[in-house]
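Top to bottom, those sequences are chains X and D. Numbering-wise, the first sequence is residues 251 to 496 according to our numbering. Numbering-wise, the second sequence is residues 251 to 496 according to our numbering. Beta carbons are placed, not taken as given, at the ideal position from N, Cα and C, and that holds for glycine. Keep in mind the model is a prediction, meaning the values are calculated, not measured. Below is one structure, written out as structure tokens; the observations come after it.
2 protein chains.
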Amino acid sequence: MNETLDLTVGCDSCPIKHRAVCARCDADELETLEGIKYYRSFEAGQTVIWSGDRMEFVGSVVSGIASLTQTMEDGRTQMVGLLLPSDFVGRPGRETASYDVVATTDLVMCCFRRKPFESMMAETPHVAQRLLEMTLDELDAAREWMLVLGRKTAREKIASLLCIIGRRDASLKLEGVGGKIVFDLPLTREAMADYLGLTLETVSRQMSALKRDGVIELEGKRHVTVPSFERLLDEAGDDADGGMMA
Amino acid sequence: MNETLDLTVGCDSCPIKHRAVCARCDADELETLEGIKYYRSFEAGQTVIWSGDRMEFVGSVVSGIASLTQTMEDGRTQMVGLLLPSDFVGRPGRETASYDVVATTDLVMCCFRRKPFESMMAETPHVAQRLLEMTLDELDAAREWMLVLGRKTAREKIASLLCIIGRRDASLKLEGVGGKIVFDLPLTREAMADYLGLTLETVSRQMSALKRDGVIELEGKRHVTVPSFERLLDEAGDDADGGMMA
DNA sequence: GCGAACCTTTGACCCAGATCAAATCTAGGT
DNA sequence: ACCTAGATTTGATCTGGGTCAAAGGTTCGC
């Protein structure tokens, strides 16, 4: 068992149905995990972990969405992570998390009672390795998001968010006709604003603008159709007026 | 060897002089590392890793500072990480980094030829564990920085940056009289701006404002004295006019 | 069907920070 | 000492997005 691990969503032979813990089904390791896993459900808006809590478990999203949020004393908030199905939360080996985890839609998580860090490294090395890889992925994502937060315009920020959601969501579901991508936004305008470092009014305005400019289609408030992610990101760059100079 | 690892800067008994790889000096593991370590120096401005490069090594900063930067096609840049002494760079198990690493001051790094991920987990489990812990710390730091980028004002951003630099730097050096913290900024105004998602002009203006308001003292452009980190963060909140309403 | 509690959209106005431009202030180098 | 290339400061002006405010839309429960 020395090959590179490639743990993808929904490995069939594994009783736990997503990549988070399916370490290409190393039997012994899985058994160890089986013994300590359990499921928990949360309603939209319910708090999964309060900042400052002792983390009693490591969890992985099965369905629904949760958000990782940091808050300042004066109430300003910044979402610092979106937890989509197969994503991980938790910090084995640390007692406090510095942010809240709140269910953004109805949510099911697969939880594992916290194990001492060292014993995990020893008993389930492939899981440990996968955990490290996933943490590195999250770090990459966080850093990419720093670029979005620090340097992109409101319009570009929206486009970036739509891409993130769309890529994750659409890959699981079907895509629309003519290669277009169709998905439902699982976030309110306010949640989008929290993630993007904007106000909800600006988010709403920019969504309307993108629709008006034909970059995206909107049915209702949540159902989104985009031509392609490349075009979305491109056209979001060209600020508005796609032909108003006459 | 089952106790919690607490790897701090400058462990004496370890031939490698910082926490990055000093896994409380597990002899066998250190020996393994000894065999593959070497030092490299870089001048200010020199590129350590280009985005898209295959990472040939894992490195740890010995002295100097490097920055991790992401760039957009149109030239906008966002620094996504500051590498201070004892910090780590590198992504074992991945072929490309998505950002440049550039020396911001003269820099010495301790490098390790890249090892296959799996063999590292097996051969040096304490180092692997330490690597995971450090990655989680970086993730925390990145997320905290997302709050700074997304929600803080220019003045607050500067204060946050001064705290980060000051805490790291001052802990190694001496502090000034009366509990004040004294340190040298290792960054140009432009580098600060890149980190904070601001322009260099705004950084300069806010530095001047903080000095004018007596929140910080400046000798030359780089030598900074702050009363305390708490006061710095507090007073940065109260926007300017510390008594102008009469 | 009717509120009530939310979301969401839109408008009017304002301001923090960007942009453009010009001095100053270094630190080398010759 | 003088010159040059950066780094830094400061000023004037502009603007993207925030703030405040007021209307729609939806989706409940009753």
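Original post:
Counting pairs of beta carbons, one from the stretch 433 to 445 of chain D and one from the stretch 356 to 366 of chain X, are three or more of them closer than 8 Å?
Top reply: no
Subject >> For X:Asp434, three-class secondary structure by DSSP >> reply: strand
Original post:
What are the start and end residues of the beta strand (DSSP E) that includes X:Tyr288?
Top reply: 287 to 292
**OP:** In the DSSP assignment, find the unbroken beta strand (DSSP E) run with X:Met232 in it and report its ends.
**Re:** Not covered by the structure: residue 232 of chain X. The range shown for chain X is 251 to 496.
**OP:** Quick one: give me the first and last residue of the beta strand (DSSP E) that D:Gly400 is part of.
**Re:** Taken as a continuous stretch (DSSP letters only), D:Gly400 belongs to no beta strand (DSSP E), being part of the alpha helix (DSSP H) at 375 to 401.
Original post:
Excluding five sequence neighbours on each side, which residues of the same chain lie with their C-beta closer than 6 Å to the C-beta of D:Gly331?
Top reply: Leu318
Subject >> Rounded Cβ spacing between D:Leu504 and X:Ala316 (contact assumed at less than 8 Å) >> reply: The structure shown does not extend to residue 504 of chain D, since chain D is modelled only from 251 through 496, so no value can be given for it.
Original post:
From X:Gly302, X:Arg341, X:Pro477, pick the residue whose C-alpha is nearest to that of X:Gly309; which is it?
Top reply: X:Arg341
Original post:
Using DSSP with H/G/I as helix, E/B as strand and the rest coil, what is X:Gln320?
Top reply: strand
**OP:** With 8 Å as the C-beta to C-beta threshold (strictly closer), list the residues of the stretch 374 to 392 of chain X near chain D in chain order.
**Re:** Listed by position, the residues of the stretch 374 to 392 of chain X near chain D (Cβ gap below 8 Å) are Pro375, Ala378, Gln379, Leu381, Leu382, Glu383, Thr385, Leu386, Glu388, Leu389, Asp390, Ala392.
**OP:** For D:Ser348, go through chain X and note every residue whose CB falls closer than 9 Å to its CB, in chain order.
**Re:** Under the 9 Å cutoff, chain X gives Asp390, Arg393, Glu394.
**OP:** Could you tell me the distance, in whole angstroms, from the CA atom of D:Asp444 to the CA atom of X:Glu284?
**Re:** 46 Å
Original post:
Would you report the Cα separation of X:Asp419 and X:Asp434, rounded to the nearest angstrom?
Top reply: 8 Å
Original post:
Skipping 5 residues on each side, what residues in its chain have a beta carbon closer than 7 Å to that of X:Ile300?
Top reply: The displayed chain sequence assigns Trp, not Ile, to residue 300 of chain X. Once the five neighbours on either side are set aside, the close Cβ partners of X:Trp300 are Asp350.
Original post:
Roughly how many angstroms separate the alpha carbons of X:Arg455 and D:Gln456, rounded to a whole number?
Top reply: 31 Å
**OP:** Just mark D:Leu482 as buried or exposed, buried being the case when its beta carbon has 16 or more other beta carbons within 10 Å.
**Re:** buried
**OP:** List the DSSP bridge partners of X:Arg462.
**Re:** BP columns for X:Arg462 are empty, so no partner.
Original post:
Bridge partners of D:Ile415, per DSSP?
Top reply: In DSSP, D:Ile415 forms no bridge with anything.
Original post:
Using DSSP with H/G/I as helix, E/B as strand and the rest coil, what is X:Asp356?
Top reply: coil
Subject >> Inter-residue spacing [alpha-carbon to alpha-carbon] between D:Glu306 and D:Ala459 >> reply: When rounded, the distance between both Cα atoms is 44 Å.
Original post:
Can you list, in chain order, the residues of its chain whose CB lies under 8 Å from that of X:Val352, leaving out five sequence neighbours each side?
Top reply: Gly295, Gln296, Thr297, Val298, Ala316, Ser317, Thr319
**OP:** Give the single residue among X:Gly400, X:Phe479, X:Leu334, X:Asp303 whose Cα lies nearest to the Cα of X:Val498.
**Re:** Any property of residue 498 of chain X remains undetermined from this structure, which presents chain X solely from 251 to 496.
**OP:** Quick one: give me the first and last residue of the beta strand (DSSP E) that D:Glu467 is part of.
**Re:** 467 to 469
Original post:
Whose Cβ in chain X lies nearer than 7 Å to the Cβ of D:Glu469?
Top reply: Near D:Glu469 there are no residues of chain X at all, since even the closest Cβ is about 29 Å away, more than 7 Å.
Original post:
Whose C-alpha, out of D:Leu397, D:Leu280, D:Ala404, D:Arg417, is nearest the C-alpha of D:Thr452?
Top reply: Cα-wise, what sits closest to D:Thr452 is D:Ala404.
**OP:** Could you pull out every residue in the same chain whose Cβ sits closer than 6 Å to the Cβ of X:Leu399, ignoring the five residues on either side in sequence?
**Re:** Gly447
Original post:
Using Cβ-Cβ distances below 9 Å, what residues of the stretch 324 to 341 of chain X are close to chain D?
Top reply: Asp324, Arg326, Thr327, Gln328, Met329, Val330, Gly331, Arg341
**OP:** Quick one: using the 10 Å Cβ neighbour count with 16 as the cut-off for buried, is D:His376 buried or exposed?
**Re:** Per the 10 Å Cβ criterion, buried.
Original post:
Looking at the C-beta of D:Met370, does it have a partner C-beta in chain X at a distance below 7 Å?
Top reply: no
**OP:** Report the residue from X:Arg363, X:Arg304, X:Arg326 whose alpha carbon sits nearest the alpha carbon of X:Lys287.
**Re:** Nearest C-alpha to X:Lys287: X:Arg363.
**OP:** Leaving out five residues on either side along the sequence, give the residues of the same chain with a beta carbon under 7 Å from the beta carbon of D:Val271.
**Re:** Low local confidence applies: a pLDDT of 46 at D:Val271 is under 50, so the model's placement there is unreliable, and no value is given.
Original post:
Does X:Arg455 come within less than 7 Å of chain D when only Cβ atoms are used?
Top reply: no
**OP:** Could you tell me whether any Cβ in chain D is nearer than 7 Å to the Cβ of X:Pro477?
**Re:** no
Original post:
Going along the chain, which residues of the stretch 398 to 424 of chain D sit with their C-beta nearer than 7 Å to a C-beta in chain X?
Top reply: Leu399, Gly400, Arg401
**OP:** Closer than 6 Å by C-beta to D:Thr321: which residues in its own chain qualify, once you throw out the five before and the five after it? Chain order, please.
**Re:** Cβ neighbours of D:Thr321 beyond the five flanking positions: Thr327.
Original post:
Nearest CA to the CA of D:Gly314: which residue from D:Thr354, D:Glu323, D:Val339?
Top reply: D:Thr354
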